[in-house]
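Numbering follows this note's numbering, with no gaps: position 24 of the sequence shown is 129.
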Amino acid sequence: MAWHSTWNEPPARRRGFWADRGGMFPPGVTLILILTAGVFVLETRWGGWLIQAGAVTVAGLGRLEVWRLVTYMFLHASADHILINMFMFWMLGLALERQVGARRFLALYLAAGALGGLLEAGFNCLMFLQYGPPGRMFLTLPTVGASAGVAGVLVGFATLNPRARFYVFFLLPVEAWLVALVYVLVETRHVIFGLRGGWTDNMAHAAHFGGAMAGFVWMKWGGRLRGPVRRGPALRIQRPQREATGEEEAELDRILDKIHREGLGSLTLREKMFLQEMSRRRQDRM
106 MAWHSTWNEP PARRRGFWAD RGGMFPPGVT LILILTAGVF VLETRWGGWL
156 IQAGAVTVAG LGRLEVWRLV TYMFLHASAD HILINMFMFW MLGLALERQV
206 GARRFLALYL AAGALGGLLE AGFNCLMFLQ YGPPGRMFLT LPTVGASAGV
256 AGVLVGFATL NPRARFYVFF LLPVEAWLVA LVYVLVETRH VIFGLRGGWT
306 DNMAHAAHFG GAMAGFVWMK WGGRLRGPVR RGPALRIQRP QREATGEEEA
356 ELDRILDKIH REGLGSLTLR EKMFLQEMSR RRQDRM
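Now the structure itself:
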């Protein structure tokens, strides 16, 4: 999806807002872009170790490895994953940082990512409790990516500038508050569907939801506590990419649905062995 933003405000105010931008790469945005790109370069050589040490997992947080709530934001599953996340981050962050300042902007981004990671771990913990031993994979399922932080920036921007306009696909003008609302509703639906039916897709929807909520709360209250705001866009994606075939994924979905409907005791020996094998594969990729 392509985005472009403009202001539904008087021209004089619009000029004043953009006059304070100072450049296309303000310090907070630049710092995150450099760190994220640098970590991705390191992933090309030490990706397995970095993900094992830095991704959000239930098991890792259970060992009080709280740094994972920040480090996972700088890890990505693929080149397109990081490019999409960082493009959205740059485009939205460029406007928001100029309004709130670098320190508040970075605090918002990191807080949104941390809350998103915490909620995603909570989601995986609930999935494990729901499916029991066959769901052990959820305890070690790694989540990586900046999407929760980007969600926080999106909703934070919309909270501060509800009437700003996005041009979706460069054609359809949509006000920021509506973009944020639709985004939150979609993520909420995916979280509920995931809790009710198991797998949804490779997206860490609970992380996105948590990041969005952090963005709203921060800009509504926390982001304004230290002075006025100047007003004026399997591993996972963030869930990890799965290496299983389409038939295996379909079989996994069928078995998890059967557990949900009939309980663990309804599984045949072959089905239990299949679940154990799928769990082993996921753990081996960490």
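Ideal placement from N, C-alpha and C gives every residue a C-beta, glycine not left out.
Check, Outcome
"Residue range of the alpha helix (DSSP H) that includes Val171", "It is not in any alpha helix (DSSP H) - Val171 carries neither H nor E in the DSSP assignment."
"Where the beta strand (DSSP E) containing Phe271 begins and where it ends", "Arg270 to Val273"
"DSSP-derived helix/strand/coil call for Leu180", "coil"
"Which listed residue (Ile189, Gly152, Ala182 and Trp195) has its alpha carbon closest to that of Ile137", "Trp195"
"Close Cβ partners of Phe228 (< 6 Å) along its chain, the five nearest in sequence each way excluded", "Ala311"
"Touch test, the stretch 280-294 against the stretch 243-259, Cβ-Cβ under 8 Å, three pairs minimum", "yes"
"Pairwise C-alpha distance: Gly237 and Arg301", "15 Å"
"Three CB pairs or more closer than 8 Å across the stretch 242-249 and the stretch 160-169", "yes"
"Distance between beta carbons of Gly153 and Gly221, contact taken as under 8 Å", "The Cβ separation is near 23 Å, so there is no contact."
"Residue burial classification, Ile139 (beta-carbon count within 10 angstroms, cutoff 16)", "exposed"
"Residue interval of the beta strand (DSSP E) (run including Pro278)", "Leu277 to Glu280"
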